[in-house]
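Novice: Below: one structure in structure tokens.
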Ligand code: BGC
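In our numbering, the protein residues as written are 178 to 578.
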């Protein structure tokens with residue numbers, strides 16, 4: 178019997194960058210369900226935080242004719258890969274399951290860049306999340322700061338008492354994640370888009386961009402010293418252990434804290450990054466299916482169908498820290514952080530802002546060029562704000578539009 182089942186099992190290799198406890202648990206929910214369909218999910222993990230390494234490995238495996246069946250591929254890259262004809266079209270699954278009606282329009286547009294659905298959406302993360310340690314906040318009688326003035330008061334009070342206010346790391350994607358939330362806080366969704374989606378050189382020269390840069394570097398004094406390139410998991414650990422009071426990070430950190438036994442609103446809570454409560458700076462996780470023949474195709478379509486089903490969406494996202502990609506999800510599974518995320522995202526495109534660091538705003542080359550400049554500015558106090566602005570504006574002329 179067992180031999181019979183195995184003989185018909187279809188193995189799919191999935192290339193991704195999920196390595197933390199909560200990320201692995203979320204995958205296990207999906208792979209466990211797939212096992213019931215005789216589909217074996219084989220992890221090909223490329224640890225790399227926000228997935229920079231995973232993208233490189235995926236490209237080289239493709240060039241070597243050794244593509245996996247499935248890959249985690251987010252944002253603008255979906256359309257680039259679809260244009261090259263590398264992705265399976267999932268029209269059948271999408272129309273049978275009525276994805277167009279079921280999914281948020283933003284998600285639906287993202288996954289069908291050329292009129293055919295070519296990616297399977299898993300969940301929506303909110304990037305502009307400020308986590309705080311509740312014990313520390315209670316001890317110092319402070320509340321989540323709603324704006325930067327309040328933030329300064331809280332941070333100074335904590336620092337005077339010898340507590341590190343912010344558990345940030347100097348890893349470039351983590352700093353970029355922080356910067357984009359600051360840019361949004363110092364401007365608005367239109368301005369943010371003008372800079373990071375349109376790459377309009379005027380936006381980089383604007384006073385609002387300058388203010389964001391100044392604030393970015395000024396937060397360094399509230400971060401651990403020396404500032405190391407610790408992983409986001411280690412940053413979350415600092416917050417959990419009370420070694421730092423706050424952390425700006427996508428809400429996958431919430432999932433990780435939960436997985437360590439810290440319940441939301443008990444050990445920690447989340448708020449919006451100061452001045453960004455009306456926005457949802459988003460990062461949507463998606464899987465793409467690569468062309469690997471008919472047998473693989475059947476399994477890939479089954480996976481697509483199961484991943485987007487309302488039951489799987491509720492279960493998976495509860496563990497992953499994201500919210501379902503569905504317009505009308507099962508709200509009973511959302512904690513207070515997810516409720517807030519869902520409410521703002523549901524307001525529609527005016528409130529939704531695409532993450533630069535997590536590939537929603539622009540192509541990989543533009544993102545890397547902009548992030549490199551941001552890091553250069555952050556790391557070297559001698560680089561003037563205006564100098565960084567001029568360099569970014571100059572670079573923006575050379576980037577793909
Ligand atoms: C992904 C998340 C992941 C996080 C940290 C983000 O780019 O979208 O799913 O948890 O990186 O690895």
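For every residue, glycine included, the Cβ atom is placed at its ideal position computed from N, Cα and C. Since we're looking at a predicted model, the values are computed, not measured.
Secondary structure at residue 386, three-state DSSP: helix, strand or coil?
Specialist: Reduced to three states, the DSSP call for residue 386 is helix.
Novice: Excluding sequence positions up to five away, which residues of its chain have a Cβ less than 6 Å from the Cβ of residue 415?
Specialist: Answer for residue 415: 344, 421, listed in chain order.
Novice: Hey, which unbroken runs of the alpha helix (DSSP H) at 4 residues or more fall wholly within the stretch 488-548?
Specialist: DSSP runs (the alpha helix (DSSP H)) wholly in the stretch 488-548: 513-522.
Novice: Any beta-carbon of chain B closer than 9 Å to the one on residue 241?
Specialist: Within the model displayed, chain B is absent; a lone protein chain is all it includes.
Novice: The beta strand (DSSP E) spanning residue 218 covers which residue range?
Specialist: Here the beta strand (DSSP E) through residue 218 covers 216-222.
Novice: Tell me the residue span of the beta strand (DSSP E) that contains residue 303.
Specialist: Looking at the DSSP string, the run of the beta strand (DSSP E) that includes residue 303 is 297-303.
Novice: Let me make sure I understand the geometry here. Which of 252, 376, 559, 307 has the alpha-carbon closest to that of residue 328?
Specialist: It is 307 whose Cα lies nearest to the Cα of residue 328.
Novice: In angstroms, rounded to a whole number, what distance separates the CA positions of residue 410 and residue 430?
Specialist: Between residue 410 and residue 430, the C-alpha separation is close to 7 Å.
Novice: Determine whether the beta carbon atoms of residue 394 and residue 558 lie at a separation below 9 Å.
Specialist: Taking 9 Å as the Cβ cut-off, residue 394 and residue 558 qualify as a contacting pair.
Novice: Would you say the beta carbon of residue 226 comes nearer than 8 Å to a heavy atom of the ligand BGC?
Specialist: Yes.
Novice: How many angstroms separate the CA atom of residue 228 from the CA atom of residue 250?
Specialist: If I take the Cα positions, the gap works out to 9 Å.
Novice: Excluding five sequence neighbours on each side, which residues of the same chain lie with their C-beta closer than 7 Å to the C-beta of residue 493?
Specialist: For residue 493, where only same-chain residues beyond five positions count, the Cβ hits under 7 Å are 203, 206, 207, 299, 300.
Novice: Output the boundary residues of the beta strand (DSSP E) element that contains residue 457.
Specialist: Start and end: 457-466.
Novice: Does the ligand BGC have a heavy atom nearer than 8 Å to the CB of residue 462?
Specialist: Checking the Cβ of residue 462 against the ligand BGC gives yes.
Novice: Using a Cβ-based criterion (distance less than 8 Å to any ligand heavy atom), does residue 200 qualify as near the ligand BGC?
Specialist: Yes, since a heavy atom of the ligand BGC falls inside the 8 Å radius drawn around the Cβ of residue 200.
Novice: Would you decide whether residue 247 is buried or exposed? Buried here means 16 or more other CB atoms lie within 10 Å of its CB.
Specialist: Counting Cβ neighbours within 10 Å, residue 247 comes out buried, since at least 16 surround it.
Novice: Taking residue 186 as the reference, give the member of 473, 485, 563 with the closest Cα.
Specialist: The option with the nearest alpha carbon to residue 186 is 473.
Novice: What number of angstroms, rounded off, separates the C-alpha of residue 318 from the C-alpha of residue 462?
Specialist: Taking the straight line from one Cα to the other gives about 37 Å.
Novice: Report the option in 231, 218, 355 whose CA atom is closest to the CA atom of residue 396.
Specialist: Measuring from the Cα of residue 396, the nearest candidate turns out to be 355.
Novice: For the ligand SAM, I want to know if residue 436 counts as a neighbour, meaning its beta carbon is within less than 8 Å of at least one of the ligand's heavy atoms.
Specialist: Looking for the ligand SAM in the displayed structure turns up nothing; the ligands present are the ligand BGC.
Novice: Less than 6 Å between C-beta atoms, sequence neighbours within five positions excluded: which residues of the same chain meet that for residue 567?
Specialist: Cβ within range, chain order: n/a, list empty.
Novice: Considering only heavy atoms of the ligand BGC, does any lie closer than 8 Å to the CB of residue 535?
Specialist: For the ligand BGC, at least one heavy atom lies less than 8 Å from the Cβ of residue 535.
Novice: Under three-state DSSP, which class holds residue 182?
Specialist: Only weak support exists for where residue 182 lies, its pLDDT of 48 falling under 50; the value from the coordinates is given anyway. The answer is helix: DSSP assigns residue 182 an H, G or I state.
Novice: Spatial neighbours of residue 503 within its chain, please: C-beta separation below 7 Å, excluding the five flanking residues on both sides.
Specialist: For residue 503, where only same-chain residues beyond five positions count, the Cβ hits under 7 Å are 279, 280, 487, 490.
Novice: Quick test of the definition: if touching needs 3 or more C-beta pairs under 8 Å, does the stretch 430-448 touch the stretch 360-372?
Specialist: No, they do not touch.
Novice: Any heavy atom of the ligand BGC closer than 8 Å to the beta-carbon of residue 258?
Specialist: Residue 258: no, Cβ never under 8 Å from the ligand BGC.
Novice: Can you name the start and end residues of the alpha helix (DSSP H) that residue 351 belongs to?
Specialist: Note, residue 351: alpha helix (DSSP H), 349-363.
Novice: Got a sec? Which residues, its chain only, sit under 7 Å from residue 419 by beta carbon, not counting five neighbours each side?
Specialist: The residues are 310, 312, 313.
Novice: Please report the straight-line C-alpha distance between residue 283 and residue 338, rounded to a whole angstrom.
Specialist: Spanning the two alpha carbons is a distance of roughly 45 Å.
Novice: Residue 586: beta carbon under 8 Å from a heavy atom of the ligand BGC?
Specialist: This structure does not reach residue 586, given that the chain is present from 178 up to 578, and the question cannot be answered.
Novice: Enumerate, from N- to C-terminal direction, the unbroken alpha helix (DSSP H) stretches of 4 or more residues contained entirely within the stretch 373-419.
Specialist: Whole alpha helix (DSSP H) segments, 4+ residues: 378-382, 384-395, 409-417.
Novice: Ends of the alpha helix (DSSP H) at residue 435?
Specialist: Taken as a continuous stretch (DSSP letters only), the alpha helix (DSSP H) holding residue 435 covers 429-436.
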